[in-house]
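Each residue of the sequence shown is one higher than the last, beginning at -17 in my numbering.
C-beta atoms are modelled at their ideal positions from N, C-alpha and C, and glycine is treated no differently.
What you are looking at is a predicted structure, and each value in this text was computed from that prediction instead of being measured.
Read through the structure below, which is laid out as structure tokens, and then see the notes.
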Amino acid sequence: MTKPVVAIVGRPNVGKSTLVNRIIGRREAIVEERPGVTRDRVLYQGEWCGRGFLLVDTGGLELDPDSLLAGKVADAAKAAAAEADVVAFVVDVTDGVTPEDTAVADVVRKLGRPVVLVANKADTAKREQNANEFFSLGLGEPLPISALHGRGIGDLLDTLTEGFAEVDDEAEREPAIAIVGRPNVGKSTLFNRIVGTERSIVHDEPGTTRDAVDTVVQIDDRSYRFVDTAGLRRSARVDEATEFFGSLRTMRAIERSDVAVLVIDATEGVSRQDLRIADEIAELGRSAIVVLNKTDALDTEELMERRAALKRRFPHLRWAPFLDLSARTGRNVKKLLAELDPILEARQIRIPTPLLNVIVDDLQARTPIPSSGRGQRVKYAVQAEVAPPTIVLFGANDIPEQWLRYLERGLRERFGFEGTPIRFVSRGKERRAGRRAG
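Here's what the structure looks like:
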């Protein structure tokens, strides 16, 4: 069952992101004193008294956006409100009714969605009285709250979630696909191409997507949750809180994903930052697809060189499919989508223990484990986990990495494991406590 959507809207700098953080119970949305920080529609999971919902944080709605980017931010906020089941319209009681509030109220009213008028920054009883001024907006009774101090949040959530169904914990979760990479490599363009609409903001400015943006997409008979993320910069360049939290949120997106699509700019080639992101993907045990984007800007010879360099520079993702495409034209995007189901299935492969031991014994007989002293041997193996597949090897200590790669190749030849890492854990024979020497 699809969860209902609550959209948080209002003019800039009225405390929308602070309210989001208060509702979800953690500091996730970016909060700064300057307006215009939240750009895209940002989706969070929310729950109140057993009722689940999706919470959408939006950029500020402005009367006269002074730039193309600001105009796109406003358009995105309007689209979020139009798609929502309930709109939380946030105003600031310390400012009173402004012309911008009146304009936003007109926009919200025309959408025809249920609206809860949220009078924020009502930190005192006197400020609560100021909320009555907002009756003039014609959107019903203002609900005074303080997002910063938590006043009135329970009453607000009761109102917002009235009529929502209780959370079904047994419901199947859509697999999460995170689109990651450096700033300005075409992640948002690819995201929009997949979704089929301008769901996140595409702009020439690197780092435009500062927040992770996700949406559920149905392809044939299966649903997927695609996550568009802020571009990851080198730590030395992350000198603003906005950039820092954008990078942090990207890492969280990788962590909560099933598959990470790493986007590389074909016109620039592989950078150190690309390699760092690949390290994070492998370290977290996420499945992966490496995408060479903007290939429509290369000639045939340049494309061949980039393809060769891509596989050479990513030995730690040697198990991942490598694809070249053009998000701008749509070339090979369907091929990317066709890779998802086989990879998701590979994450769940479980090898029966008897069969696993037959394979390990056979591989050891062909190529024994190298050892500088007494010969080592894996005496027993078991697959302890899936997603990613994790194999525990008993009886041998300090197995060389080279032999583990040999074992991995043998397992992949038999079972595939396309697009997913395989982890190995060695458990050598331990001495009994108190055993006498000699």
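Where residue i falls: helix, strand or coil (DSSP)
i       : result
Leu43   : coil
Thr464  : Because residue 464 is not part of the residues shown, which for the chain are -17 to 420, the question remains open.
Asn379  : coil
Asp239  : A small correction: the amino acid at residue 239 is Ser; Asp does not occupy that position in the sequence shown. Reduced to three states, the DSSP call for Ser239 is coil.
Glu29   : strand
Leu99   : strand
Val(-4) : coil
Thr114  : Correcting the residue identity first, residue 114 is Asn in this sequence and not Thr. DSSP places Asn114 in helix when its eight states are reduced to three.
Thr335  : helix
Asp306  : strand
Phe71   : strand
Gln346  : helix
Leu280  : coil
Ile404  : coil
Asn166  : coil
Phe397  : helix
Val252  : coil
Ile373  : strand
Ile351  : strand
Ser66   : The displayed chain sequence assigns Ala, not Ser, to residue 66. DSSP places Ala66 in coil when its eight states are reduced to three.
Gln358  : strand
Leu121  : coil
Which listed residue (the options) has its alpha carbon closest to that of residue i
i        : options                         : result
Val243   : Asp202, Asp306, Leu338          : Asp306
Leu326   : Pro165, Asp140, Arg207          : Arg207
Leu337   : Ile373, Thr311, Glu284          : Ile373
Arg310   : Val162, Gly251, Asp247          : Asp247
Val(-12) : Leu386, Gly7, Ala64             : Ala64
Ser239   : Thr402, Ala291, Ala107, Gly398  : Thr402
Asp278   : Thr249, Gln255, Arg268, Thr76   : Thr249
Val98    : Glu400, Ala66, Val368           : Ala66
Ala92    : Val69, Phe146, Pro126           : A small correction: the amino acid at residue 92 is Lys; Ala does not occupy that position in the sequence shown. Taking only the C-alpha atoms, the option nearest Lys92 is Val69.
Arg75    : Val342, Gly(-8), Ile201, Thr141 : A small fix is needed here, since residue 75 is Val in this sequence, not Arg. Nearest C-alpha to Val75: Gly(-8).
Val252   : Val407, Arg288, Val340, Asp77   : Arg288
Val342   : Phe406, Asp281, Leu280, Glu321  : Phe406
Val167   : Ala85, Leu274, Phe71            : Leu274
Arg459   : Val340, Lys276, Phe296, Asp281  : Shown here, the chain extends from -17 to 420; a query on residue 459 therefore has no answer.
Contacting residues, own chain, Cβ-Cβ under 8 Å from residue i (five flanking each side not counted)
i      : result
Leu345 : Tyr388, Leu389, Gly392
Val79  : Val73, Glu115, Phe116, Ser118, Leu119
Leu299 : Leu244, Ala260, Ile263, Ala264, Ala270, Val272
Arg33  : Thr143, Phe146, Ala147, Glu148, Val149
Leu292 : Ile246, Val252, Val272, Leu274, Phe304
C-alpha gap between residue i and residue j, whole angstroms
i       : j        : result
Arg329  : Ala160   : 16 Å
Gly136  : Ile(-10) : 16 Å
Arg409  : Phe376   : 5 Å
Val177  : Val199   : 6 Å
His428  : Asp105   : As displayed, the chain neither begins before -17 nor continues past 420, which places residue 428 out of reach and without an answer.
Pro382  : Arg204   : 41 Å
Asn379  : Ala302   : 28 Å
Arg294  : Ala129   : 51 Å
Arg394  : Leu1     : 48 Å
Phe173  : Leu318   : 12 Å
Glu148  : Glu156   : 19 Å
Arg332  : Asn102   : 52 Å
Glu29   : Gly122   : 25 Å
Arg396  : Pro324   : 15 Å
Glu222  : Leu125   : Note that Glu222 scores 45 on pLDDT, short of 50, meaning its location in the model is unreliable and no value can be drawn from it.
Ser308  : Thr40    : 29 Å
Ala347  : Pro334   : 20 Å
Gly(-3) : Gln365   : 49 Å
Leu421  : Ser353   : In the structure as shown, the chain starts at -17 and stops at 420, and residue 421 therefore has no counterpart that could be examined.
Val368  : Asp57    : 42 Å
For residue j and residue i, believed in contact at Cβ under 8 Å, the rounded distance
i        : j      : result
Leu257   : Ile236 : 15 Å between Cβ atoms; not a contact.
Pro370   : Ile404 : 7 Å
Val241   : Ala260 : 14 Å between Cβ atoms; not a contact.
Pro(-14) : Phe35  : 5 Å
Ile127   : Leu138 : 5 Å
Val86    : Ala158 : Not really, about 33 Å apart at Cβ, beyond 8 Å.
Arg164   : Gln255 : 5 Å
Residue i beta carbon near the ligand GTP (any heavy atom closer than 7 Å)
i     : result
Cys31 : Among the components modelled here there is no ligand, and therefore nothing to report on the ligand GTP.
Sequence-distant residues of its chain with Cβ nearer than 6 Å to residue i (five each side left out)
i      : result
Tyr26  : Ile6, Leu37
Tyr362 : Phe376
Glu187 : Caution applies to Glu187, whose pLDDT of 49 falls short of 50 and renders its modelled position unreliable; the model cannot decide the point.
Chain-order list of residues whose beta-carbon lies under 7 Å from that of residue i (same chain, five-residue window excluded)
i      : result
Arg359 : Gln346, Ile351, Gly377, Ala378
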